[in-house]
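Encoded as structure tokens, the structure appears first; notes follow it.
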Amino acid sequence: MLEKQELLPSNLAILCHHLQVSQSQAFERLQSLKVTVKTLGLIPQQDLITILNSLQVQVADEGDLTIILTDNYLHPDLESINQQALASHKPWLLVNPLGNLAWIGPLFDPDKTGCWHCLAQRLRDNRPVEEFIIRQRDNKISLISPLGFSSATIQTVLNLTAMEVFKWIIQGKNQRLEGMLMTYDTLNLQFQEHILVKRPNCPSCGYSLNKTPLPVVLGHRKKAFTSDGGHRFCSPEETLKTYQHHIGPITGIVRELNKIQGNTLVHTYVAKHHFRGLFDDLDSLRQNIGGRSAGKGRTDSQAKASGFCEAIERYSGVFQGNEIKEEASYQELKDKAIHPNKCMNFSEKQYQHREEWNANNQGWFQKVPEPFDETRIIDWTPVWSLTAQDFKYLPTGYCYYGYSQSEPLDCWADSNGCAAGNTIEEAILQGFMELVERDCVALWWYNQLVKPSVNLESFNEPYFEQLKQYYEGLNRELWVLDITSDLNIPCFAAISPRKEREVEDILLGYGAHFDPKIAISRALTEVNQILPNVLSFKEDGTTIYNPSADPLAVKWWQTARLSNQSYLVPDSKIIPKKSYDYLQLASDDLLADVKLCQRIVESKGMEMLVLDQTRPDIGLRVAKVIVPGMRHMWKRLGAGRLYDVPVSMGWLKEALTEDELNPFPMWM
Numbered sequence: 001m002l003e004k005q006e007l008l009p010s011n012l013a014i015l016c017h018h019l020q021v022s023q024s025q026a027f028e029r030l031q032s033l034k035v036t037v038k039t040l041g042l043i044p045q046q047d048l049i050t051i052l053n054s055l056q057v058q059v060a061d062e063g064d065l066t067i068i069l070t071d072n073y074l075h076p077d078l079e080s081i082n083q084q085a086l087a088s089h090k091p092w093l094l095v096n097p098l099g100n101l102a103w104i105g106p107l108f109d110p111d112k113t114g115c116w117h118c119l120a121q122r123l124r125d126n127r128p129v130e131e132f133i134i135r136q137r138d139n140k141i142s143l144i145s146p147l148g149f150s151s152a153t154i155q156t157v158l159n160l161t162a163m164e165v166f167k168w169i170i171q172g173k174n175q176r177l178e179g180m181l182m183t184y185d186t187l188n189l190q191f192q193e194h195i196l197v198k199r200p201n202c203p204s205c206g207y208s209l210n211k212t213p214l215p216v217v218l219g220h221r222k223k224a225f226t227s228d229g230g231h232r233f234c235s236p237e238e239t240l241k242t243y244q245h246h247i248g249p250i251t252g253i254v255r256e257l258n259k260i261q262g263n264t265l266v267h268t269y270v271a272k273h274h275f276r277g278l279f280d281d282l283d284s285l286r287q288n289i290g291g292r293s294a295g296k297g298r299t300d301s302q303a304k305a306s307g308f309c310e311a312i313e314r315y316s317g318v319f320q321g322n323e324i325k326e327e328a329s330y331q332e333l334k335d336k337a338i339h340p341n342k343c344m345n346f347s348e349k350q351y352q353h354r355e356e357w358n359a360n361n362q363g364w365f366q367k368v369p370e371p372f373d374e375t376r377i378i379d380w381t382p383v384w385s386l387t388a389q390d391f392k393y394l395p396t397g398y399c400y401y402g403y404s405q406s407e408p409l410d411c412w413a414d415s416n417g418c419a420a421g422n423t424i425e426e427a428i429l430q431g432f433m434e435l436v437e438r439d440c441v442a443l444w445w446y447n448q449l450v451k452p453s454v455n456l457e458s459f460n461e462p463y464f465e466q467l468k469q470y471y472e473g474l475n476r477e478l479w480v481l482d483i484t485s486d487l488n489i490p491c492f493a494a495i496s497p498r499k500e501r502e503v504e505d506i507l508l509g510y511g512a513h514f515d516p517k518i519a520i521s522r523a524l525t526e527v528n529q530i531l532p533n534v535l536s537f538k539e540d541g542t543t544i545y546n547p548s549a550d551p552l553a554v555k556w557w558q559t560a561r562l563s564n565q566s567y568l569v570p571d572s573k574i575i576p577k578k579s580y581d582y583l584q585l586a587s588d589d590l591l592a593d594v595k596l597c598q599r600i601v602e603s604k605g606m607e608m609l610v611l612d613q614t615r616p617d618i619g620l621r622v623a624k625v626i627v628p629g630m631r632h633m634w635k636r637l638g639a640g641r642l643y644d645v646p647v648s649m650g651w652l653k654e655a656l657t658e659d660e661l662n663p664f665p666m667w668m
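For what it's worth, UniProt numbering labels the leading residue of the sequence shown as 1, then goes sequentially.
As structure tokens, this is what we get:
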């Protein structure tokens, strides 16, 4: 029943009833709040004013809520509007009614939600082509308005906007607007919500970030998931549920997370996300568009979580400008500084011939930088030494992707040792296992060491046998080599050549972990991840390679044979390794495992360092683990473990010379 005193027209009174707001309360709020409507661009504001008036919403030149109609959410004038709103603590609403996909919101409330700057940063990150063009043109580019709309669709969006504003006024809140961007597909009549994350590190509305480096403090973390991919604090399903709001094409960190078509055994996801490398060229842009991160696993949820976590790991490693750093030269920092080539491990010969080498290699994986100048003043990033319990310093350009360096380019960041985790301990453990994996691969690959095979049946794991049968059906072989190093952490290489063809398209995958079954699983699923690259054929059986594939990888697939790469074949003189040959080194506590990693490193005279790259607006922990002296699997041929370990372990009688090492660079 309507209230006796008709304060509102009957249609609005009924609407208030359905919204469970009394007519008197609604009337009072409509009388006490005023709305201002402004426009940026070519959108007339009078139509929206008329609709608001029909809902008894008061429109004035100065209001409690400002609605901005715009044809582009990155319009330059929005910066000053945002600053004014933050200063006055007044909410405002952004609307773009143009195009097939209209945008309503967010409603920015300076005391509750993120601001326009928070939104703009995500929007720019999710427009790689547009942002690339802007950078190439020194920010000189005209804004483009959406196309494909009619007056009817505009009126629909304006009516929807007015109704949501009406609800916000009479209810005192509206969760569909506050900190939420709604898209409306005018062709399919579908709504989708995109969460605006309030960025603590936002330069406009965030708090002042700490400028003093903090030590990495670790704690006990009981494992809850140990069956696939690694040992985790929680299951992949829980991880995805917690961070699902970071997946989305507009306000997400990961704009797309797509599964590559496979089967019940092969699960691979590709993640598309913002990334800014040192080499800002068309090749890098193509990678950003196609997807720079990928995830693998024995199950769909593990592969999806893996792809998501790798994307967050890469995103978090991009330089943003608010990182703690110190300006000095290597000589000025003295023993606090770590020479970057202690981590990169290039040889003098590589430095001497770098110009010729770089000219003949397209991918940045294989490039050799300029020699490091120890007298040059540069930015240094503090990294926490778990060994020394103190800060050491590495060049910022080595620690973060996309850090703008002046010439000469003497180092740059890569992903080796980087990992995301539900806790910092989990991230460190995952990152360290990657260091171990790459180090083992380098020792095996460049010295072309013949290694024993692994008896997969001994692990009593149905997945291993099912996968072998699947590859048999693809006319491929599949076996696993034990490439464990002097660190005695199980590490494996999975090998899969194509049978009965001149071109063998040999696939490789690697994995390291305290749990040998997980290490083997990681190696096998990495082969699964690469498999789609060699599954398209012409009628004569010739492989059709993706035009965007790495040229070095294609060269490997086309030219490598078991007959000319004998180290890929198991050592027939050694009995295949079985499950009982491996000690169970892992505990049920992530901290205990990290401490064991540290002891192993220190027993070899090395130091374990950690850079916490976690971004406060994301939450998922990200760590870059650094152990100077451990080897990357890319072609970096400086003195050290690459030559010493094979001799000390008895794998070689004497160290190979640099010219005797495998001439084919590891391309993965």
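Note that the Cβ used here is the ideal one computed from N, Cα and C, for glycine as well.
Rounded to whole angstroms, the separation of the alpha carbons of L409 and D373 is 10 Å. Ranked by Cα distance from D612, the options N258, L214 and K555 are led by L214. Counting along the chain, no beta strand (DSSP E) covers W667, and no H or E run does either. In the three-state reduction of the DSSP assignment, F27 falls in the helix class, which pools H, G and I.
Excluding its 5 nearest sequence neighbours in each direction, R561 has C-beta neighbours in its own chain below 7 Å: E504, listed in chain order.
DSSP, reduced to helix, strand and coil, places W445 within a helical segment of the structure shown. R438 is the residue among H17, E28, K573 and R438 whose C-alpha sits nearest the C-alpha of I489. Put simply, the backbone Cα of A85 is about 41 Å away from that of E407. In the DSSP assignment, I67 is bridged to V37 and L93. The three-state secondary structure of N258, taken from DSSP, is strand. Within the stretch 347-407, the runs of alpha helix (DSSP H) that reach at least 4 residues and sit entirely inside it are, in chain order, 348-352, 354-359 and 396-399. For a cut-off of 8 Å, the C-beta gap from R199 to C118 is around 4 Å, short enough to register as a contact. DSSP, reduced to helix, strand and coil, places S293 within a strand of the structure shown. Look at E457 here: in three-state DSSP terms it is helix. If you ignore the 5 residues before and after R29, its C-beta comes within less than 6 Å of the C-beta of I169 and I170, all in its own chain and listed in chain order. Each residue's CA atom was taken as its position, placing N174 and T614 some 31 Å apart. According to DSSP, residue pairing for Q192 in a beta bridge involves T183. Rounded to the nearest whole angstrom, the CA to CA distance from A639 to N345 is 7 Å.
Remark: C-beta atoms of T186 and Q192 do not approach each other more closely than 7 Å.
With contacts defined by Cβ atoms closer than 7 Å, Y243 and L590 do not form a contacting pair. When DSSP states are grouped into helix, strand and coil, G307 belongs to the helix group. Under the DSSP definition of a beta bridge, Q58 partners with K34.
DSSP places K272 inside the beta strand (DSSP E), whose first and last residues are H267 to H273. Boundaries around V645 are those of the alpha helix (DSSP H), R641 to S648, since no beta strand (DSSP E) includes it. Taking all protein chains shown into account, K555 has fewer than 16 neighbouring C-beta atoms within 10 Å of its C-beta and is therefore exposed.
Secondary structure at D482: strand, using DSSP grouped into helix, strand and coil. Following the DSSP letters along the chain, one finds Y510 inside the beta strand (DSSP E) bounded by residues L507 to A512. Using a Cβ distance threshold of 7 Å, L508 and W651 do not count as a contacting pair. Between the beta-carbon of L7 and that of Q23 there is about 5 Å, and that keeps the pair under the 8 Å contact cut. In this structure, E313 lies away from A388, with their beta-carbon atoms at least 7 Å apart. L568 and E654 have their alpha carbons spaced roughly 21 Å apart.
Residue nearest to V254 within the set P110, K342, I289 and N460 is I289 (criterion: CA-CA distance). Excluding sequence positions up to five before and after K595, its CB lies less than 8 Å from no other CB in the same chain. Here F308 is buried: its Cβ has 16 or more other Cβ atoms, across all protein chains shown, within 10 Å.
For E326, the enclosing beta strand (DSSP E) stretches over residues E326 to A328.
Of the candidates T156, L642 and W479, the residue whose Cα lies closest to the Cα of T657 is L642.
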